[in-house]
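Some notes on the structure that comes next.
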Amino acid sequence: MTEPGILIICIIIILIVGFMLTIIYVNSQTSIIVKANQRLVEWQMELMEKNKLQEATINKQTEKAKQLLRDLSELKEQLRAKDVVGQMCAQADDRQIDMKQLQAMSDEVLLAWVDERMEATHMFCEPNLTLKSVANRLGLTQKRLQQILKNDSRYKNLSEYLNEKRFQLACRLLRDEPHWTIEAIAKEVGFSNRLMLHEMMKKRVGLTPAQYRDKQL
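Numbering (my numbering), first residue to last: 244 to 460.
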């Protein structure tokens, strides 16, 4: 082989080697860039996740703060209601209460007043109470009494309100008066028979009156 031929072959080999080295270098750099991009994406995802967690924490703390403010506002209203009811009860004892003042009270204050009167007189223990008879004895209109009960989430009507009071008293008597018969307790709190108390106890606490008493003793 002539000298020029050998030179050409050497040049070709050098070019091929250089091309291959260039490809290897480019591939290595591309791999580095791809890995860097992947890592960058991972960092971004981690940052987004951290931001979401921080946002969730902030939202939770904000909601807690709002709930605390609502609770404080409700407590303040309850304290105000108790204060007003206390004054009204003192006036009622002196027979100086103004029924127009009752009608003007907020639903919450007026319901507290009704509760006070019910507990003081045990009116709810009387059988066959009607909306008209209860309203008349409390000095309220039927519409106003129905309104304050309906606006309270615990009750839908007078019957539910009276049964709640009867249930609470029945539980106290079952616990505190072990010698009373269940029939006597049912009649004492205003139920027409023992079966009504039995059904309510099963519905409310999942126990019969006798089972509830045994558990409390």
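We put the CB at the ideal spot given by N, CA and C, even for glycine. Note that the coordinates shown come from a computational prediction; the quantities given were computed from them, not determined experimentally.
From LEU290, LYS386, ALA429 and PRO421, residue whose alpha carbon lies closest to that of ASN406: Of the listed residues, the one whose Cα sits closest to ASN406 is ALA429.
How long is the line joining the alpha carbons of ILE391 and LYS446, rounded to whole angstroms? A direct Cα-Cα distance of roughly 25 Å separates ILE391 from LYS446.
Nearest-angstrom Cα separation, counted from TYR268 out to ILE257: Rounded to the nearest angstrom, the two C-alpha atoms are 16 Å apart.
Around the Cβ of ARG397, are there at least 16 other Cβ atoms within 10 angstroms (buried) or fewer (exposed)? Result: exposed.
Distance check for ALA299 and GLU306, CA to CA, integer angstroms please. Cα-Cα distance, rounded: 10 Å.
Using 7 Å as the threshold, is the C-beta distance between LEU412 and ARG456 below it? Cβ atoms of LEU412 and ARG456: not closer than 7 Å.
If we call anything under 7 Å between Cβ atoms a contact, is MET461 one with PHE410? This structure does not reach residue 461, given that the chain is present from 244 up to 460, and the question cannot be answered.
Nearest chain C C-beta to GLY433 closer than 7 Å, yes or no? The displayed structure is made up of one protein chain only, and chain C is not part of it.
Nearest to ASP358 by alpha carbon, out of GLN459, LEU388 and ASN371? Nearest option by C-alpha distance: LEU388.
Between LYS408 and the rest of its own chain, which residues show a CB-CB distance below 7 Å, the 5 nearest in sequence each way excluded? The answer, listed in chain order, is MET361 and PHE367.
Closest by C-alpha distance to ASN371, when choosing among ASP395, ASN436, PRO421 and GLU285: Comparing Cα positions, the closest option is ASN436.
Expected contact under 8 Å - CB spacing of GLN385 and LYS375 to nearest Å: With a Cβ gap of about 6 Å, GLN385 and LYS375 count as contacting.
DSSP state of TRP423, grouped into three classes? Residue state for TRP423 is assigned as coil, using DSSP reduced to three classes.
Please name the residue, chosen from LEU383, THR424 and THR364, that lies closest to LEU353 on a Cα-to-Cα basis. With distances taken between Cα atoms, LEU353 lies closest to LEU383.
Is SER274 helix, strand or coil when you go by DSSP? Helix at SER274.
If distances are taken between C-alpha atoms only, which option among LEU381, ARG415 and ASN394 comes closest to ASP350? Proximity to ASP350 across LEU381, ARG415 and ASN394 peaks at ASN394, based on C-alpha coordinates.
For VAL432, collect the residues of the same chain with a Cβ closer than 6 Å to its Cβ; drop the 5 residues on either side in sequence, then sort them by chain order. Result list for VAL432: CYS368, ARG409, LEU412 and ALA413, in chain order.
With a threshold of 8 Å on Cβ separation, who are the neighbours of THR451 within its own chain once the five nearest residues in sequence on each side are excluded? So the qualifying residues of the chain are HIS441, MET444 and LYS445.
Could you check if VAL277 is buried or exposed, using at least 16 other CB atoms within 10 Å of its CB as the buried criterion? So VAL277 ends up on the exposed side.
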